[in-house]
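Asks: Numbering (my numbering), first residue to last: 1322 to 1793.
Each residue gets a CB set at the ideal place from its N, CA and C atoms; glycine is no exception.
Right, I'll just put the structure down here and ask away after.
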């Protein structure tokens, strides 16, 4: 730390930079005279600030700017750093997290104000009540349906450019809840006060630890980049604990449930969505990876001594905006071997797809996609989950099941079958075995318990053969 000595009206500042190669002490010197009109206390404080900046400059931190606002730092990162190192989808996700959970309260804070205690308090409060979960319902004494029809519009035409919200109105008049922003778009068109139509039914909810961790990780990445660029000297989040996530609920199908699901899936007319869900269930590939798959990436005509098999080359993915990107991690670039059951299915599917293309005629755009939309383009990212929900309705299958659950189902069944961590890691394309263990902790624990029981059963044959040891 720089040292100050006052002589008259001037402060003499000394900065020690350690020893050089000849073991000689290296020091830098400067002086500072406070502006006229300052009290002695104000002058000393100004000298200390000058000394601190001088020390940073001596150490080469010329870009240091702790008076920058956090919002300005985020703008700098997303404009200059993120495009060169992060996928566009990840950038959008991090911007969303920061804009929703961090910048509204901390965006106008200067970097020098962002101390670990302040950040820890913010993320703790965020986890307790930051879910922005206020929900509203149409008042019992207000006839929303009649009010909209009185305007001479249907639900769809009433919303104008927001016509996709007509489905919200349909459920609203039946008693479902909405967020305030959605309700305001309706009352603005009706020209009536919000409170005339809606009443609050739920306060701000707690935010899931995983969501808080995502926001904290996004901010941590920016602080690390700022340290590297010498904008700040240290990361104020470095000593702030991340939220404890605990076990994440990952709904998955058991083998018996998978058979029920596949039976219901066979009734779906869209052959492409049927095929993509079956392939995800039997290979563990991600939905985005399969949506990007081309027939050039698939070989259905290989054989070995034990029979025929196929190969699928996973080398790309498609995000929700139909942008082709590399897979999630480097390890996600992988070759998946498919067995005879899936091989036979995919051969039949390809033939059915050829018939579909012929029937579509000029309406079909040939992109050589394995799992396209009904016109040949990229399949909607939401469609597989919609079909999953339709197929499990009325069954005992967890209603939270979604398209990505096919991947979890594959992993769980693979673990139950006795596969080790490395085999599961390679099949899923995880970057490390630690990630596989952390993701499927419960499944591995249950598999180990069954293995222990199997040893006991093999030794005892299920009989009581162990004598109680005598008491000495």
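Among 1458, 1646 and 1712, which residue has its Cα nearest to the Cα of residue 1590?
Replies: For this step, residue 1590 is matched to residue 269 along the chain shown. It is 1712 whose Cα lies nearest to the Cα of residue 1590.
Asks: Based on the DSSP output, what are the partners of residue 1638 in its beta bridges?
Replies: As a working mapping, residue 1638 is identified with position 317 in the chain shown. According to the DSSP secondary-structure assignment, residue 1638 is paired through a beta bridge with 1646.
Asks: With a threshold of 8 Å, establish whether the CB of residue 1366 neighbours any heavy atom of the ligand NAP.
Replies: The ligand content of the structure shown is nil, which means the ligand NAP is not present either.
Asks: For residue 1601, which of 1380, 1688, 1729 and 1551 has the nearest alpha-carbon?
Replies: Here residue 1601 corresponds to residue number 280 of the chain shown, with the count starting at 1. Out of 1380, 1688, 1729 and 1551, 1729 has the C-alpha closest to the C-alpha of residue 1601.
Asks: Select from 1709, 1533, 1675 and 1683 the residue whose C-alpha is nearest the C-alpha of residue 1587.
Replies: As a first step, residue 1587 is located in the chain shown; it is residue number 266 there, counting from the start. Here the closest residue by C-alpha is 1709.
Asks: Grab me the residues of residue 1621's own chain with a C-beta within less than 7 Å of its C-beta, minus the 5 sequence neighbours each way, in chain order.
Replies: For the purposes of this step, residue 1621 is identified with residue 300 of the chain shown, where counting begins at 1. Hits under 7 Å: 1631, 1664, 1667 and 1668.
Asks: Mapping DSSP to helix, strand and coil, what is residue 1481?
Replies: Against the chain shown, residue 1481 aligns to sequence position 160. Reduced to three states, the DSSP call for residue 1481 is helix.
Asks: Please report the straight-line C-alpha distance between residue 1341 and residue 1348, rounded to a whole angstrom.
Replies: Within the chain shown, the letter at position 20 stands for residue 1341. Within the chain shown, the letter at position 27 stands for residue 1348. Straight-line Cα distance between these residues: approximately 10 Å.
Asks: Per DSSP, which residues does residue 1699 bridge with? Please list them.
Replies: Locating residue 1699 in the chain shown gives position 378, counting from the first residue. DSSP output for residue 1699 lists 1693 as bridge partner(s).
Asks: Per DSSP, which one or two residues make a beta bridge with residue 1628?
Replies: Position 307 of the chain shown, counting from 1, holds the residue named residue 1628. Beta-bridge analysis with DSSP links residue 1628 to 1625.
Asks: Rounded to the nearest angstrom, how far is the Cβ of residue 1606 from that of residue 1659, given a contact under 8 Å?
Replies: By one-based count along the chain shown, residue 1606 stands at place 285. By one-based count along the chain shown, residue 1659 stands at place 338. Not really, about 10 Å apart at Cβ, beyond 8 Å.
Asks: Would you mind giving the Cβ-Cβ distance between residue 1702 and residue 1688, rounded to the nearest angstrom? I have them listed as a contact below 8 Å.
Replies: Taking the first residue of the chain shown as 1, we reach residue 1702 at position 381. Taking the first residue of the chain shown as 1, we reach residue 1688 at position 367. 16 Å between Cβ atoms; not a contact.
Asks: When we look at the beta-carbon of residue 1741 and count the other beta-carbons within 10 Å, is it buried (16 or more) or exposed?
Replies: The count along the chain shown starts at 1 and reaches residue 1741 at position 420. Exposed, because fewer than 16 other Cβ atoms sit within 10 Å of the Cβ of residue 1741.
Asks: What first and last residue would you give for the alpha helix (DSSP H) that runs through residue 1764?
Replies: Here the question's residue 1764 lines up with position 443 in the chain shown. From DSSP, the alpha helix (DSSP H) with residue 1764 extends over 1762-1781.
Asks: In this structure, how does DSSP classify residue 1665 when only helix, strand and coil are distinguished?
Replies: Counted from its first residue, the chain shown places residue 1665 at position 344. Note: residue 1665 maps to helix in three-state DSSP.
Asks: Roughly how many angstroms separate the alpha carbons of residue 1474 and residue 1489, rounded to a whole number?
Replies: Against the chain shown, residue 1474 aligns to sequence position 153. Against the chain shown, residue 1489 aligns to sequence position 168. Answer to the nearest angstrom: the Cα atoms are 16 Å apart.
Asks: Considering only the beta carbon of each residue, do residue 1613 and residue 1398 sit closer than 9 Å?
Replies: Translated into the one-based positions of the chain shown, residue 1613 becomes position 292. Translated into the one-based positions of the chain shown, residue 1398 becomes position 77. In this structure, residue 1613 lies away from residue 1398, with their beta-carbon atoms at least 9 Å apart.
Asks: Label residue 1370 either buried or exposed according to how many other C-beta atoms from any shown protein chain fall within 10 Å of its C-beta, with 16 as the threshold for buried.
Replies: Translated into positions along the chain shown, residue 1370 becomes position 49. So residue 1370 counts as exposed.
Asks: Measuring CB to CB, does residue 1553 end up less than 9 Å from residue 1393?
Replies: For the purposes of this step, residue 1553 is identified with residue 232 of the chain shown, where counting begins at 1. For the purposes of this step, residue 1393 is identified with residue 72 of the chain shown, where counting begins at 1. Against a cut-off of 9 Å, the Cβ pair of residue 1393 and residue 1553 comes out as no contact.
Asks: Could you please give the first and the last residue of the uninterrupted alpha helix (DSSP H) stretch that includes residue 1393?
Replies: What you label residue 1393 is simply residue 72 of the chain shown in a count that begins at 1. 1391-1397 is the span of the alpha helix (DSSP H), which, as asked, contains residue 1393.
Asks: Taking the alpha-carbon positions, what's the residue 1390 to residue 1522 distance?
Replies: Within the chain shown, numbered from 1, the residue matching residue 1390 stands at position 69. Within the chain shown, numbered from 1, the residue matching residue 1522 stands at position 201. Spanning the two alpha carbons is a distance of roughly 37 Å.
Asks: For residue 1459 and residue 1548, which I take to be in contact (beta-carbon distance under 8 Å), what is that distance rounded to the nearest angstrom?
Replies: Here the question's residue 1459 lines up with position 138 in the chain shown. Here the question's residue 1548 lines up with position 227 in the chain shown. Residue 1459 to residue 1548, Cβ: 51 Å. No contact.
Asks: Using a Cβ-Cβ cut-off of 6 Å (strictly less than) and excluding sequence neighbours within five positions of residue 1316, which residues of its own chain qualify?
Replies: Nothing about residue 1316 can be reported from this structure: the residues present for the chain run from 1322 to 1793 only.
Asks: Can you tell me which of 1692, 1455 and 1335 puts its alpha carbon nearest to the alpha carbon of residue 1801?
Replies: The question about residue 1801 has no answer here: the residues shown for the chain are numbered 1322 through 1793.
Asks: Hey, out of 1420, 1634, 1466 and 1625, whose CA is closest to residue 1618's CA?
Replies: In the chain shown, counting from the first residue as 1, residue 1618 sits at position 297. It is 1634 whose Cα lies nearest to the Cα of residue 1618.
Asks: Report back the beta-carbon spacing between residue 1536 and residue 1670 to the nearest angstrom; my notes put them in contact at under 8 Å.
Replies: Locating residue 1536 in the chain shown gives position 215, counting from the first residue. Locating residue 1670 in the chain shown gives position 349, counting from the first residue. The pair is not a contact, with the Cβ atoms about 41 Å apart (cut-off 8 Å).
Asks: So what does residue 1620 bridge to, in DSSP terms?
Replies: Taking the chain shown and counting its residues from 1, the one referred to as residue 1620 is at position 299. When beta bridges are read from the DSSP output, residue 1620 appears opposite 1632.
Asks: Are the Cβ atoms of residue 1608 and residue 1727 separated by less than 9 Å?
Replies: Walking along the chain shown from the start, residue 1608 turns up at place 287. Walking along the chain shown from the start, residue 1727 turns up at place 406. Going by C-beta atoms, residue 1608 is nearer than 9 Å to residue 1727.
Asks: When burial is assigned at 16 or more other CB atoms within 10 Å of the CB, is residue 1344 buried or exposed?
Replies: Stepping through the chain shown from its first residue, residue 1344 is reached at position 23. By the 10 Å Cβ count, residue 1344 comes out exposed.
Asks: Where do the N-terminal and C-terminal ends of the alpha helix (DSSP H) with residue 1595 fall, by residue?
Replies: In the chain shown, the residue the question calls residue 1595 occupies position 274. 1592-1604 is the extent of the alpha helix (DSSP H) around residue 1595.
Asks: Just the Cα atoms here: how many angstroms apart are residue 1439 and residue 1427?
Replies: If you number the chain shown from 1, residue 1439 lands on position 118. If you number the chain shown from 1, residue 1427 lands on position 106. Cα-Cα distance, rounded: 10 Å.
Asks: Can you say whether residue 1492 is buried or exposed, counting buried as having 16 or more other CB atoms within 10 angstroms of its CB?
Replies: For the purposes of this step, residue 1492 is taken as residue 171 along the chain shown, with counting starting at 1. Exposed: under 16 other Cβ atoms inside 10 Å.
Asks: For residue 1519, which residues does DSSP report across the bridge?
Replies: Translated into positions along the chain shown, residue 1519 becomes position 198. The partner list for residue 1519 (beta bridge, DSSP) reads 1459.
Asks: Could you check the C-alpha separation between residue 1431 and residue 1736 for me, to the nearest Å?
Replies: As a first step, residue 1431 must be located in the chain shown, where it is residue number 110. As a first step, residue 1736 must be located in the chain shown, where it is residue number 415. C-alpha separation (whole angstroms): 50 Å.
Asks: In whole angstroms, give me the CA-to-CA distance for residue 1610 and residue 1766.
Replies: In the chain shown, the residue the question calls residue 1610 occupies position 289. In the chain shown, the residue the question calls residue 1766 occupies position 445. Between residue 1610 and residue 1766, the C-alpha separation is close to 29 Å.
Asks: On the criterion of 16 or more Cβ atoms from any shown chain inside 10 Å, does residue 1415 qualify as buried, or is it exposed?
Replies: Looking up residue 1415 in the chain shown gives position 94. Flag for residue 1415 reads buried.
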